[in-house]
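Residue numbers (mature numbering (1 follows the signal peptide of the UniProt record, and there is no 0)): -23 to -1, 1 to 136.
Just so it is clear, CB atoms sit at the ideal spot from N, CA and C, and this is done for glycine as well.
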Amino acid sequence: MKKYLFTSLFAALLLVGCGTKNAVKQTENNVGGNWTIDSVTYSGNGQFESTLLQDVTGQCFEGSMWYFVANNNRGNYSIEDPSCTTGTRNFIWSVPGSKDIIEGDLLIKPTGDNYKSETDAGYRVNVKNITENSMTWNQSVLVDGRTVIVSMNFRKLAE
């Protein structure tokens, strides 16, 4: 009886551990592919100017093209707006911890051309929603002592 109970408990723990890993892998697979940012929005009233990922303004990110490789967690994004600093930026990305398929954190770490980070700095964004065709990232920032939610709204492109 004790042997049966121990075996059942071990099997349950193994299934829970694998389930978490599978949920992270599923999220990584959902993120993989080509995306564009349709809009960057802000909660609250008023006009906001923000620099996202310590790169360019939210307005410059609108229309940017993003590519996520699911099998090696690399990617890049291209700023297309000619009034901004255009070009392609590389990054590595991961889904830290145990996250479910619908919502969780995503870690973006800017890199050089060789996908090596010089500063090891990264940015954690909350994946508020992800489907086969859309994804929304939220990030909380303080503006004049108030919390403002910055939302980056992605649309998946046909491959």
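For residue i, three-class secondary structure by DSSP
{"i": "Q36", "result": "helix"}
{"i": "N110", "result": "coil"}
{"i": "G122", "result": "coil"}
{"i": "D77", "result": "Only weak support is given to the placement of D77: the predicted model assigns it a pLDDT of 49, under 50, and the question is left unresolved by the model."}
{"i": "A(-1)", "result": "Residue confidence for A(-1) is low, a pLDDT of 44 falling below 50, so the modelled location carries little weight; the figure read from the coordinates is stated next. A(-1): helix per DSSP, three-state reduction."}
{"i": "N103", "result": "strand"}
Segment limits, beta strand (DSSP E) that includes residue i
{"i": "K93", "result": "Counting along the chain, K93 falls outside any beta strand (DSSP E), and DSSP gives it neither H nor E."}
{"i": "G81", "result": "G81 to T88"}
Residue of the options minimising C-alpha distance to residue i
{"i": "T72", "options": "C61, S117 and K86", "result": "A quick correction: the sequence has Val, not Thr, at residue 72. For V72, the nearest C-alpha among the options comes from K86."}
{"i": "T18", "options": "R123, W114 and Y92", "result": "W114"}
{"i": "W12", "options": "S41, E26, N103 and S20", "result": "S41"}
{"i": "Q31", "options": "F68, L134 and D121", "result": "F68"}
{"i": "residue 137", "options": "G64, G10, S94 and E26", "result": "In the structure as shown, the chain begins at -23 and stops at 136. Residue 137 is therefore absent and cannot be evaluated."}
Segment contact flag, the region 16 to 36 with the region 121 to 128, C-beta cutoff 8 angstroms, min 3 pairs: yes
Scan the region 18 to 71 and note each continuous beta strand (DSSP E) run of 3 residues or more that stays entirely inside, going in chain order. 42 to 46, 51 to 56 and 64 to 71
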